[in-house]
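Number of protein chains: 2
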Amino acid sequence: MAQKPSIPKGTRDFNPQEVAKRNYIFNTIRTKFEIFGFQPIETPSFENSDTLMGKYGEEGDRLIFKILNSGDYLSKVNEDLYTSKDSNKMTSSLSEKALRYDLTVPFARYVVQHQNEIDFPFKRYQIQPVWRADRPQKGRFREFYQCDADVVGSNSLWQEVEFVQLYDAVFSALKLEGVTIKINNRKILSGIAEVIGAQDKLIDFTVALDKLDKIGEEKVKDEMRSKGISEEGITTLQPLFTLKGDFGNQIAELKTILKTSEEGKKGIEELEFINTGIATLGLKTATLQLDVTLARGLNYYTGAIFEVAAPEGVHMGSIGGGGRYDDLTGIFGLKDMSGVGVSFGLDRIALVLEDLGLFPETITNTVKVLFINFGEAEAIASMKAIKSLRDVGVSAELFPDNKKTIKQFNYANKRNIPFVILLGESEMASNTFTLKNMGTGDQQEVTLEELIDVLI
Amino acid sequence: MAQKPSIPKGTRDFNPQEVAKRNYIFNTIRTKFEIFGFQPIETPSFENSDTLMGKYGEEGDRLIFKILNSGDYLSKVNEDLYTSKDSNKMTSSLSEKALRYDLTVPFARYVVQHQNEIDFPFKRYQIQPVWRADRPQKGRFREFYQCDADVVGSNSLWQEVEFVQLYDAVFSALKLEGVTIKINNRKILSGIAEVIGAQDKLIDFTVALDKLDKIGEEKVKDEMRSKGISEEGITTLQPLFTLKGDFGNQIAELKTILKTSEEGKKGIEELEFINTGIATLGLKTATLQLDVTLARGLNYYTGAIFEVAAPEGVHMGSIGGGGRYDDLTGIFGLKDMSGVGVSFGLDRIALVLEDLGLFPETITNTVKVLFINFGEAEAIASMKAIKSLRDVGVSAELFPDNKKTIKQFNYANKRNIPFVILLGESEMASNTFTLKNMGTGDQQEVTLEELIDVLI
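First to last, the protein sequences are chains A and B. Residue numbering for the first sequence follows our numbering, beginning at 1 and increasing consecutively. Residue numbering for the second sequence follows our numbering, beginning at 1001 and increasing consecutively.
If you want it as structure tokens, here you go:
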């Protein structure tokens, strides 16, 4: 093999520095999840195909990675089907398993499969990779991590309040201050569609409304007209286009628009409960903002809808999202199990922290001290000291070969090792160590006890 | 879907208690890896097929999970090949990617691909899942984690000394005392094959010798004879069958047997260096034992060979293994890059800890305190206290619904939540909390400050 090996497009290797940064984010999220009472589960990387297929729409089905059956897999393909050479139709005969596409469907499968062992309400979190055969592009990968927290088995709106607090707690802990937690409610959108006589056009209506920020009021109206929404209806929802101000002002406007819709009024009531809860409890660094144009995953969510935007000035799509779904487990035969959950976008959060220089400088997993190798006798003495350091939790290592000192120092420099020990003949004679601080260049002669005190 | 959903055979769901136990092992191993100066990398779950295929023998190739190409994948299959309907031959036309089979080959690929960014010697660890289409059985899964630490780019035997210490450090930290770290050397086995005139039968010879424990001396000799090893050769290696005693005694015997083999003598020299190093530095709870029958992965290892056996009395195969390999990266075109590494068998270690009751009782990721929900006003007061507790790092939650108190207590019991708070009308009036210890049943009335003191 003459050319250098490579990895599949859309996948990544992570070097030690990158792993350290990612673990910093994972650990921060995990700590907050647990403080909020969520417990971890893990599910297999691949599921039976029928668990995943048909759950993400036609496009989703296409983007699911399928695993080829083992053994003489072609022998099990029906002759006529084989002759057709139709990739779509043959897939289910060639593949029985598929890689996880998200963490939500496997979670629903888990809840239904283990319902008799679970104590509801079940607060679970899950931090695992997912795979999508998407076209790779900047910030979009074929393998990436999702970090999800969900509660199933309770209708209480306190959960929604908790998830807003959770977002605030995580981003505050990451020092990413000033994120906006946008909130909407599916019932508000349904109510608006109802009052403008477009119940049957809910998706068209919300897809158009969702573009308000990007294409502006006039084009949104044009799109609504093209989808068959009446001029009268568009006039009715005119106030939506200019909905501004704080929660209270927006809610007042919505109450006017939605006065004839029971569902819309229920949505307003839910929003008010959540807003009052958050106003009472306070947020550290985030802001909760009503955004009636927000419609992510509408087919899926039945109540609250969340999306988190990075602080103003950072050009990045949403860094988190979620919502309430009333029938997640229904697809696997377990009815009436309401759930609500949120997700954190690890890769985008990492990009934002990098851009804003928010990764703590102390994040590193390099070794703390390197012992220079001066030969066999010195190496044995070094290994003894290294053992004492490791016993008290200080990471330490011996340069394995007796190479030129300058080469060993270069190695320490490149690996950003903060301290180097010189343990040569004279130090051995006096039972001391020469400790060099690689940052300042300072050198001092110390005993083992002093060495431990400095490095611990 | 009427029947309960399921997961593919050979895969597992992990519930919160299982995740907690596995994380205890992972975290212990990770901490020791880092204290020994190893740094983490991560590689993609799937690799290009040509990176993996042909690296694990014919059997290995068969057990690698292949990923079906996306889109109209059949259209790219050559007509003649398609007509043949030969599963083996068609695989490479249907699949370009495959799931990681171990961490060693991806590590070799990583080193070669990133050789210009790496500072050698490169001490890396990697803890990630691998997948094998093996027949599932007790303790053997299709998805399982490997925990590997390797150093590449140094021939120093201090690395071998370090890995023995690392095994000792990890198993001591897990309180799994009394493991045996078996060591052998490929050069010893080659030397023996040489002196009995069976260089060309090295594999047959070592495969037979490896069975000594299981089938006994006579049957091993029979097998050697059947493989064409001479009676004279078998007489020469007679001392091997009764090799007993400490390192020194065994080495003395080996020196007699191997006196005419340069390679054998080199192997003895390496073993002596490692043994002297360990004798000088000491081990906490493990024992290093020479085992000349040890031959795992022989085609692969070129120097030291390691295998770790669980403490006596525990019926379990090896719980770790590794060795020195002189040409790992050669398969990807980078020559002369010697490496040595060890692996920890997570699933078997977990089984052993479970059997011996060695998981600390404190391993749990349940929430520390549950607030009983008595209604809206009480819930708001509870959420305020919960916020204060979370701010100081105490995991706390409110039961989300105002259900019967007995139901809420049952939930706390089932989830093993150690403390419950009753915050009702009278407590709100006196600005106190009734704190119930679920273990002892004790109840006390406390202020918020006292509550924090108890729970922090």
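Even glycine gets a Cβ: it sits at the ideal position worked out from N, Cα and C. Keep in mind the model is a prediction, meaning the values are calculated, not measured.
Item                                                                                                                         : Value
DSSP bridge partner residues for residue 1107 of chain B (one or two, in chain order)                                        : Answer is none; residue 1107 of chain B lacks a bridge partner.
Whole-angstrom distance between residue 322 of chain A and residue 1001 of chain B, CA atom to CA atom                       : Note that residue 1001 of chain B scores a pLDDT of 46, beneath 50, so its modelled location is shaky; the value from the coordinates is reported in the next line. So the alpha carbons of these two residues sit roughly 26 Å apart.
Distance, residue 1375 of chain B Cα to residue 43 of chain A Cα                                                             : 36 Å
Residue 1316 of chain B versus residue 1359 of chain B: straight-line alpha-carbon distance, rounded                         : 17 Å
Own chain residues within Cβ distance below 8 Å of residue 1436 of chain B, not counting five before or after                : 1419, 1420, 1421, 1422, 1442 and 1443
Residue 1177 of chain B versus residue 1286 of chain B - alpha carbon distance                                               : 7 Å
Contact set between residue 1004 of chain B and chain A, taken where Cβ atoms lie within less than 8 Å                       : 112, 113, 332 and 333
Where residue 82 of chain A falls: helix, strand or coil (DSSP)                                                              : helix
Cutoff 8 Å: residue 1068 of chain B Cβ touching any chain A Cβ                                                               : yes
Whole-angstrom distance between residue 91 of chain A and residue 1095 of chain B, CA atom to CA atom                        : 12 Å
Residue 282 of chain A versus residue 169 of chain A: straight-line alpha-carbon distance, rounded                           : 11 Å
Span separating the alpha-carbon of residue 13 of chain A from that of residue 1069 of chain B                               : 22 Å
In DSSP terms, what residue 1018 of chain B is bridged to                                                                    : In DSSP, residue 1018 of chain B forms no bridge with anything.
Test: residue 1458 of chain B CB closer than 8 Å to a CB of chain A                                                          : Residue 1458 of chain B falls outside the range modelled here, since chain B spans only 1001 to 1456, and no answer is possible.
Alpha-carbon to alpha-carbon, residue 75 of chain A and residue 97 of chain A                                                : 18 Å
Euclidean distance between Cα positions of residue 140 of chain A and residue 66 of chain A                                  : 20 Å
Residue interval of the alpha helix (DSSP H) (run including residue 276 of chain A)                                          : 262–281
Minimum Cβ-Cβ distance from residue 1034 of chain B to chain A less than 8 Å                                                 : yes
Burial state of residue 295 of chain A (16 or more Cβ within 10 Å)                                                           : buried
is_contact[residue 14 of chain A, chain B] using C-beta, thresh 8 Å                                                          : yes
Short-range partners of chain A found in the stretch 1023–1053 of chain B, where Cβ spacing is below 9 Å                     : 1023, 1031, 1032, 1034, 1035, 1036, 1037, 1038, 1039, 1040, 1041, 1042, 1043, 1044, 1045, 1046, 1047, 1048, 1050 and 1051
contact_flag[the stretch 1246–1259 of chain B, the stretch 1184–1200 of chain B] where n(CB pairs < 8 Å) is 3 or more        : yes
The alpha helix (DSSP H) enclosing residue 1255 of chain B, as first and last residue numbers                                : 1247–1257
With 16 other Cβ atoms within 10 Å as the buried cut-off, status of residue 1406 of chain B                                  : exposed
Secondary structure of residue 1389 of chain B, DSSP reduced to three states                                                 : helix
Residues, ordered as in the chain, of the stretch 392–404 of chain A that lie near chain B by beta-carbon distance below 9 Å : 393, 394, 395, 396, 397, 398, 399, 400, 401 and 402
Closest by C-alpha distance to residue 245 of chain A, when choosing among A/275, A/266 and A/289                            : A/289
Contact check, residue 55 of chain A vs residue 331 of chain A, beta carbons under 8 Å                                       : yes
Short CB-CB distance (under 8 Å) between residue 133 of chain A and chain B                                                  : yes
Simplified DSSP assignment, three categories, for residue 129 of chain A                                                     : strand
8 Å Cβ cut-off: residues of chain B touching residue 87 of chain A                                                           : 1071, 1072, 1073, 1074 and 1075
Rounded Cβ spacing between residue 133 of chain A and residue 32 of chain A (contact assumed at less than 8 Å)               : Wrong, their Cβ atoms sit about 32 Å apart, outside the cutoff.
Contacting residues, own chain, Cβ-Cβ under 8 Å from residue 1456 of chain B (five flanking each side not counted)           : 1392, 1393 and 1394
Within chain B, the residues that residue 159 of chain A reaches when beta carbons sit closer than 9 Å                       : 1400
Min CB distance residue 1082 of chain B to chain A below 8 Å                                                                 : yes
Closest residue to residue 1364 of chain B among B/1180, B/1415 and B/1381 (Cα-Cα distance)                                  : B/1415
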